[in-house]
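A quick write-up on the structure given underneath.
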Amino acid sequence: MSMNDKIGEVLPELRRYARALCGSQHAGDAYAAATLEAILADPSVMEQGGDPKRTLFEVFGGIWRSTGADVSSDTGEGSAREAVMQGRLSTLTPRTREALLLRLLEDFGHGDIARIMRVSSDEAQELVEIGMSELESEQRSRVLIIEDEPLIAMDLSNIVEGLGHDVISVARTHAEAIAAVNDLTPDLILADVRLADGSSGIEAVDEILEASGADMPVIFITAYPQRLLTGERREPAFVITKPFEERKLRVLIDQALFFRMLPETQA
Numbered sequence: 001m002s003m004n005d006k007i008g009e010v011l012p013e014l015r016r017y018a019r020a021l022c023g024s025q026h027a028g029d030a031y032a033a034a035t036l037e038a039i040l041a042d043p044s045v046m047e048q049g050g051d052p053k054r055t056l057f058e059v060f061g062g063i064w065r066s067t068g069a070d071v072s073s074d075t076g077e078g079s080a081r082e083a084v085m086q087g088r089l090s091t092l093t094p095r096t097r098e099a100l101l102l103r104l105l106e107d108f109g110h111g112d113i114a115r116i117m118r119v120s121s122d123e124a125q126e127l128v129e130i131g132m133s134e135l136e137s138e139q140r141s142r143v144l145i146i147e148d149e150p151l152i153a154m155d156l157s158n159i160v161e162g163l164g165h166d167v168i169s170v171a172r173t174h175a176e177a178i179a180a181v182n183d184l185t186p187d188l189i190l191a192d193v194r195l196a197d198g199s200s201g202i203e204a205v206d207e208i209l210e211a212s213g214a215d216m217p218v219i220f221i222t223a224y225p226q227r228l229l230t231g232e233r234r235e236p237a238f239v240i241t242k243p244f245e246e247r248k249l250r251v252l253i254d255q256a257l258f259f260r261m262l263p264e265t266q267a
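Heads up: the sequence shown begins at 1 in the UniProt record's numbering, then just goes up one per residue.
Next up, the structure:
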């Protein structure tokens, strides 16, 4: 397999991780692009690295450590908000969210996390454990679920409530989702991409966000995550694959709500 093929297979996973870590598509994709540029400048990194995914994430980790939030030079509203995001990240126990996402979202073992973050295996394990304890302390929030399959909707509700949050409604269609937010605005939306009646979860979310004017986070749940991780258009920051693992959804809910609690920035 060529180097381009190896990178192409794991690039959507890097975008997923980078967007979750940064809290936005814009910043996450900027880091992913910088990672690719670094590999193009020195292709031997991939040839000598062994596991393609771990190697790609190691290169990303080096850029993340060396640049902070300064990969993108954009000066619009998005970058101002991202600067606030990174400021809030810096107030947490150092590097716990990075370690937690690597472990729970990307399934890296402690040894690989240590290589990616340039720490010892013991320190990687400790960071994950601290992150798990921080995961338990999130503020209670209101969650809207848009999902037409009853069993999946039930699983989502149980996970959300198990984290101490409130499910304000379970909507099965676009119309039900719009009706659900008439009386109560959610802090977070969990949405399937395709609904059984042929309507679109993405269109429902876009309409809710436009009508509310709120910058609420959304986690999209899809059997085809690659379609939402191309980097070629406006895409969600938080994406999880169906069928999903509870631990991965838990960490994405935590990360999404973390960015929800950021103060508003002024234009």
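Virtual Cβ for every residue (Gly too), placed ideally from N, Cα, C.
Please determine, among Gly-109, Asn-182, Pro-236 and Met-46, the residue with the shortest C-alpha to C-alpha distance to Ala-18.
-> Pro-236
What distance in whole Å lies between the Cβ atoms of Val-59 and Ile-39, which are believed to be in contact at a cut-off of 8 Å?
-> 6 Å
Would you mind stating whether Glu-147 and Asp-187 have Cβ atoms separated by less than 8 Å?
-> no
Give me the Cα-Cα distance between Ser-200 and Ser-121, rounded to the nearest whole angstrom.
-> 43 Å
Which residues in the same chain have their Cβ closer than 7 Å to the Cβ of Met-117, if we skip the five residues on either side of it in sequence?
-> Gly-61, Arg-95, Glu-98, Ala-99 and Ala-124
Within 8 Å, strictly: CB atoms of Ile-208 and Val-170 | no
Run of the alpha helix (DSSP H) containing Ala-237, from where it starts to where it stops | Counting along the chain, Ala-237 falls outside any alpha helix (DSSP H), and DSSP gives it neither H nor E.
Under 6 Å Cβ to Cβ from Ala-223, same chain only, skipping five residues before and after it: list those, please.
-> Lys-242
For Asp-206, does the three-state DSSP call read helix, strand or coil?
-> helix
Hey, quick one: how far does the alpha helix (DSSP H) through Ser-44 stretch, first residue to last?
-> 44 to 48
Report all residues from its chain with a CB closer than 6 Å to the CB of Lys-6; omit the five preceding and five following residues, and keep chain order.
-> Pro-52
Please state whether DSSP places Asp-51 in a helix, a strand or coil.
-> coil
Minimum C-alpha distance to Leu-104 - residue among Gly-231, Leu-257, Phe-244 and Glu-37 = Phe-244
Note down the Cα distance separating Gln-25 from Thr-230, rounded to an integer number of angstroms.
-> 11 Å
Spatial neighbours of Glu-203 within its chain, please: CB distance less than 8 Å, with the 5 preceding and 5 following residues excluded, ordered by chain position.
-> His-174
Less than 8 Å between the CB atoms is what I'm expecting for Arg-115 and Arg-16, so what's the real figure, rounded?
-> Rounded, the Cβ-Cβ distance is 20 Å, inconsistent with contact.
Cut-off 7 Å between Cβ atoms - residues of its own chain near Pro-43, not counting five sequence neighbours on either side | Met-3
Buried or exposed: where does Glu-106 fall if 16 or more other Cβ atoms within 10 Å of its Cβ makes it buried?
-> buried
What are the boundary residues of the beta strand (DSSP E) that includes residue 270?
-> What is shown of the chain runs 1 to 267, which leaves residue 270 out entirely.
Residue nearest to Val-128 in terms of C-alpha spacing, selected from Arg-140, Arg-142, Gly-109 and Gln-139 = Gly-109
Unbroken beta strand (DSSP E) run spanning Phe-220, endpoints = 218 to 222
Option in Ala-180, Gln-48, Asp-197 and Ile-63 with minimal Cα separation from Ala-32 = Ile-63
Got a sec, what are the start and stop residues for the alpha helix (DSSP H) Ala-20 sits in?
-> 3 to 22
Thinking C-alpha only, which one of Pro-217, Val-181 and Lys-248 is nearest Phe-259?
-> Pro-217
For Ser-133, name the three-state secondary structure that DSSP assigns.
-> helix
Leu-184: buried (16+ other C-beta within 10 angstroms of its C-beta) or exposed?
-> exposed
What number of angstroms, rounded off, separates the C-alpha of Leu-36 from the C-alpha of Asp-29?
-> 11 Å
Taking Cβ positions only, does Asp-51 come closer than 8 Å to chain B?
-> In summary, chain B is missing from the structure at hand, where a single protein chain is found.
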